[in-house]
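**Q**
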Amino acid sequence: MLTFKQVLCSSLVEIAVYLFLCCSVGVKTDEDFDTPEDTQPSAEEEESQKVFSDVQDDFCNVKKILSRFEEWRGCYSESYHNAYISLCLPKLLNPIIRHQLLAWNPLKDASMDFENLPWFTAVETFCHGHGHEELEHTDRQTLSNVIERTVVPKMTAYVELVWDPMSHQQSVCLTDVCHRLKEDYSTFEGEPSKPVKAFTEAVVRRLRSCVDEDVFIPLYPKKFLEETSSPQRHFRDQQFWTAVKLLGNMGKWDFLLPDFVLKELMLDKLLNRYLMTTLCSQTLSNNAVYACKKIADSLPLSWFKGESTCLPQLQNFRNHVVQKVHAICKQQSAVVDLLKVLSTIRCHDSIMAIAQKYHYEDAIYSHQLLNQETA
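In mature numbering (1 follows the signal peptide of the UniProt record, and there is no 0), the protein residues as written are -29 to -1, 1 to 346.
(1) Short check: CB of Lys216 to CB of Cys263, under 8 Å?
(2) If we count the other Cβ atoms within 10 Å of its Cβ and call it buried at 16 or more, is Pro136 buried or exposed?
(3) Cys300 and Arg289: beta carbons closer than 8 Å?
(4) Quick one: what's got a C-beta closer than 6 Å to Tyr51's C-beta in the same chain, skipping five residues either side?
(5) Rounding to the nearest angstrom, what Cα-Cα distance links Thr315 and Gln339 in this structure?
(6) Mapping the DSSP letters down to three states, classify Phe226 as helix, strand or coil.
(7) Classify Thr199: buried if its beta carbon has 16 or more other beta carbons within 10 angstroms, exposed otherwise.
(8) On a Cα-Cα basis, can you pick out the residue from Leu145, His319, Leu241 that is closest to Thr213?
(9) Here's a check: name, in chain order, each residue in its chain whose Cβ is nearer than 8 Å to the Cβ of Gln284, leaving out the five neighbours to either side.
(10) Classify Asn267 as buried or exposed, calling it buried when 16 or more other Cβ atoms lie within 10 Å of its own Cβ.
(11) From the DSSP output, in three-state form, read off Tyr245 for me.
(12) Using a 10 Å radius around the Cβ and a threshold of 16 neighbouring Cβ atoms, would you call Lys261 buried or exposed?
(13) Per DSSP, what kind of secondary structure is Gln11 in: helix, strand or coil?
(14) Please find out if some non-hydrogen atom of the ligand ZN comes closer than 7 Å to the beta-carbon of Asp230.
(15) With DSSP as the reference, label Leu88 as helix, strand or coil.
(16) Measuring CB to CB, does Gln210 end up less than 8 Å from Phe187?
(17) Terminal residues of the continuous alpha helix (DSSP H) containing Phe288?
(18) CA-CA distance, Asp320 and Gln253?
(19) Between the Cα of Asn287 and those of Ser273, Glu278, Asn53, Tyr245, spot the shortest distance and give me the residue it belongs to.
(20) Could you tell me the alpha carbon to alpha carbon distance between Ala173 and Val133, rounded to whole angstroms?
(21) Do you know offhand how far Tyr331's Cα is from Lys311's?
(22) Suppose only complete runs of 4+ residues qualify. What are the alpha helix (DSSP H) ranges in the region 17 to 101, listed by chain order?
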């Protein structure tokens, strides 16, 4: 007969197991749950409307403030430029613009666009005129400088405090904003300013922390993984696909972060340290080919542009794909899918060897597997 202490210990163990399983769903991110969007302003946002309540419009309205400088520039151009006003404006407008940006969230697709806010239209018109004016070169960079001093620091705060790199939705929204800043305002071009450097460093720290601390793919005895309905198999698969999703999210930072940083995080750490262990365990069953495709699709295409050989960090992945082809050589559609994977990562020698051995030459030319850049 069990004592009360034994029953209590047994119950505690069951509770611990239950809590662990509940926590395992913590790898799910915001897009995994259908939660309604909260469109009501927060108490802080409502309170913020009173910040400039006792300030006259001439001193808190960006358009009116800039109109004074525009008048100065038009009437006394030499004096205006000698005063280096273009360098002063970003700091002068900073608190007013930050106030307008309070409700802007770079991690939400439904969030208002900062380019639709009143301050942006006012600064853009001041810098570039009304479409028919040719303004002095010294003011053309003011808009970019204002963005770097206001928008970028807010994005940095979201990266450090809110952003979940495993969230596809958040990562897409954030990288979309970054690519737009790069293309339209040259924010990530050339020597980075202090705000831009702080932002990229925050992104790298967050990605590195996510890979080192949040990614966890357990190693179970094979007998547990061969049973497709076992909780161990389910948990392992869930963790594996979460890591694959993270790989895809990281790939969206191509052209924004240095290649050597992305390759270290995506290939050296995430792929070779975690994902390859699961791939090589041969326990993904019918999902093995799909997993290889997802991994290849997650890699930035710029890494392979103009290349004809495989990256050194992808050798283990290439060997696994080739081994998988040999194992399913009679399944034509699956083999073609894996040949496409090899084509993506530029393993042309492996493609030719497989095609000659299993007579897949027609597939090579019909799918242009040796000329992937024009496919």
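The beta carbon of each residue, even a glycine, is placed where N, CA and C say it ideally should be.
**A** Let me spell this out:
(1) No, Cβ-Cβ distance for Lys216 and Cys263 is not below 8 Å.
(2) buried
(3) Contact: no.
(4) Trp43, Arg44
(5) 11 Å
(6) coil
(7) exposed
(8) Leu241
(9) Cβ-Cβ distances below 8 Å link Gln284 to Lys234, Leu238, Asp239, Leu242, Asn243 in the same chain, with the five nearest sequence neighbours on each side left out; the list follows chain order.
(10) Residue 267 is actually Ala in this sequence, not Asn. Taking all protein chains shown into account, Ala267 has 16 or more neighbouring C-beta atoms within 10 Å of its C-beta and is therefore buried.
(11) helix
(12) Before going further, note that residue 261 is Tyr rather than Lys in the sequence given. Exposed, because fewer than 16 other Cβ atoms sit within 10 Å of the Cβ of Tyr261.
(13) Three-state DSSP puts Gln11 in coil, outside helix and strand.
(14) Of ligands this structure carries none, so the ligand ZN is not represented either.
(15) coil
(16) yes
(17) Looking at the DSSP string, the run of the alpha helix (DSSP H) that includes Phe288 is 286 to 298.
(18) 24 Å
(19) Tyr245
(20) 12 Å
(21) 12 Å
(22) 33 to 46, 48 to 53, 56 to 71, 89 to 99
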